[in-house]
Amino acid sequence: MILRWRGYAALASLLAGCATVPEAPPVEISLFALNDFHGYIQASRPLPARLSLPDPAQPGQTRRVDAGGAAHIASALAELGAAAPNHLLIGAGDLIGASPSQSALLRDEPAILVLNRLGMSVSSIGNHELDRGQAALLERATGQCGAQGCATQAFDGARFDYLAANVLSADTGRPWLKPYVLRELAGQRIAFVGAVTRTLPAMIPASALAGLRVEDEAIAINRVVPEIRAQGVETIIALIHEGAEYAGPLNVPDDRCEGLSGPIVDIVNRLDPAIDAVFSAHTHQGYACRINGRLVLQARNYGTAIAELRLKVSPRSHDVVASEATIHLVDQARYPANPAMAAYVTELESLTAAIRGEVLTELPQGLPRQPTDGFTDSPFGTVVADAQLAAARRLGPVDIAFTNAGGVRTDLPAQGSDTAVQITHSDAFAAQPFGNRIVVMSLRGEHLLQALQQQFRDGLAQPLFLHSASGLSYRWRASADPTQRLVDVKLAGEPIVPTRVYRVAVNNFLADGGDGYTAFTHGEARSDAGGDLEALKRYLSEQGQTLSARSSGRIRPLQD
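Start counting the sequence shown at 264; every next residue gets the next number (this note's numbering).
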């Protein structure tokens, strides 16, 4: 009995001692993220972004901020990382694709090489990772470049994982890429789950998804959560290439973002509660917001900002016990270029310098993508469509040409100019980086009108306007029934006749029904009229001095 008592007494003493031992403090972890980098390794020409921001030194005034560039990103990450020893760099897709010529001319190998040097660990894919198809993405990921060989001697593939939980084999239903990966920081395991926008099929050539299907983002992410937790992992981060629209400042008190809207809101609201935070992308916005208590971040685009998520993780339960976020603008003046990265980018740029420096023309002033004077037609969008029409007409009669708004990536030049400016191959490439082909087709007038009506289809937050060549004019109403929004549609001054057959030029993306323009899939008697970039370069060389930076007024809204 005494022995028994002494055992209980010793146990009681031990338990009492344990009760007074405090739990170890939370482990602090920082996750830095880039999204929609699009191969913008360079610091200028094209400049990733020129922003006008409030000047804290002069209330009521603004200051110009040039942002982005791999050398400046490297400097920012070095400073931010020094204050956060336990950190990783992650991505949320579109790290490559729609890239300027410094990267794209070498099949985006320079972008991957730079991301490797920055320390990228893992990223979801975005729609632009698939611009050139599945095989091209796998080559970038693995460094196995096939019979053609790699474009750069040093290329050995991405040293980070690409994820896509919701891109599945159409035959087996299994994920095409890894759905998630685990990483360990300071003894804590973190799961990263990736997904791409479910609208992917409408955003890339149909051939790029051959044999694959795309699932709802939240459903796919939620499906792998039990498998992750079964491995004892409680910190789970979603990397989703989908986003929101937001007009507020990058950082707001309490992460309350008034007016945040878009697909990511619904996705986040349907995610498993075990998902601790979400890095988003795709809409090229900057925000750090809480949606039902869960942090959702996006870091603008082109490497002009870095999203930072700071987590406190319990060393006992491995749960996230606190989180906060900041979006850091990569101000080139605030973060001077890292010398080693600047030298590396210069080395990569030298490989294509001769091609990129070719002067095409001198414009009286830069051409903006956005409409002017309250009209709807885009000055530069019209030029791109006119260039494709001119290229198509070299092969025979063509009535009209269209290009999609997303296919015109920048102003010309990207940094804009209010005065005369030389335009180079690099400038044209930045605006037309996809390598699309011009497809000429026969299209009935009823389908031509249907394509114009699809600019206003249900489900769009705002009209998705086509850029059209100069011969087309119409007016439109914002609030009418979608089938009644077009007014006074004319081609070469005459109404479009539904039963007449027109010859129409579009890029191959639109020809396949891209961006939801399914009317173009009715086109017959198709022929190839060359590449879009070649058409633009020739048109600029021939017509550059005559081009206007103002909207023509061919397409205009009607007041209700």
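Every residue gets a Cβ at the ideal spot worked out from N, C-alpha and C, and that includes glycine.
Here A570 is not near D357, since their CB atoms are 8 Å or more apart.
I530 sits buried, since 16 or more C-beta atoms from the chains shown fall within 10 Å of its C-beta. In this structure, the CA atom of E505 is about 5 Å from the CA atom of T460.
When only Cα atoms are considered, P468 and L475 end up about 13 Å apart. Taking 8 Å as the cut-off, the Cβ atoms of N390 and Q561 do not count as close. A contact is defined here as three or more CB-CB pairs under 8 Å, and the segment 486-503 meets this definition with respect to the segment 347-366. Looking at the DSSP output, A537 bridges to nothing. Counting every other CB atom within 10 Å of its CB across the protein chains shown gives K800 a total of 16 or more, marking it as buried. If you look at S386, you'll find it in the beta strand (DSSP E) that goes M383 to S387. Under the DSSP definition of a beta bridge, K575 partners with E291 and A585. Taking P464 as the centre and dropping the five residues before and after it, the same chain places the C-beta of L472 and V477 closer than 7 Å to its C-beta, in chain order. When secondary structure is reduced to three states using DSSP, N699 falls in the coil class, being assigned neither helix nor strand. Check the Cα spacing between P311 and each of G302, P319 and P317: the tightest is with G302.
Taking C-alpha positions only, Q713 is separated from S736 by approximately 15 Å. Less than 8 Å divides the Cβ of P634 from the Cβ of D640. Contact between G331 and G566 is confirmed by a C-beta separation of about 5 Å, below the 8 Å threshold. When only Cα atoms are considered, S386 and L534 end up about 19 Å apart.
About 41 Å separates the beta carbons of A287 and Q595, which is beyond the 8 Å limit, so they are not a contact pair.
C-alpha of A337 to C-alpha of S790: approximately 46 Å in a straight line. In the DSSP assignment, S731 falls outside any alpha helix (DSSP H) and lies within the beta strand (DSSP E) extending over L729 to S731. DSSP places N771 in the uninterrupted alpha helix (DSSP H) bounded by N771 to A774. Under the criterion of beta carbons closer than 8 Å, P373 and T405 do not qualify as touching, at roughly 17 Å. Annotation: the segment 478-540 contains the following complete segments of the alpha helix (DSSP H) (minimum length 4 residues), in chain order: 480-492 and 526-532. When beta bridges are read from the DSSP output, P317 appears opposite T325. The C-beta separation of S366 from F692 comes to about 10 Å, leaving the pair out of contact by the 8 Å criterion. DSSP lists no beta-bridge partner residue for Q407. Here the alpha carbon of D518 sits roughly 21 Å from the alpha carbon of A347. Comparing C-alpha distances from V456 to each of G436, C520 and R492 shows the shortest one belongs to R492. Secondary structure at D690: helix, using DSSP grouped into helix, strand and coil. Of F423, N429 and L623, the smallest CA-CA separation from E797 is found for L623. Linking L440 to Y425 through their CA atoms gives a straight-line distance of about 7 Å. With a cutoff of 8 Å on beta-carbon distance, T666 and G644 are scored as near each other. Here G786 has M704, S705, L706, V767 and A774 as same chain residues with Cβ atoms under 7 Å from its own Cβ, once five neighbours each way along the sequence are excluded. Within the DSSP secondary-structure output, N667 pairs in a beta bridge with L729. Straight-line measurement puts the Cα of V488 at about 19 Å from the Cα of S577. For D791, the three-state secondary structure derived from DSSP is strand.
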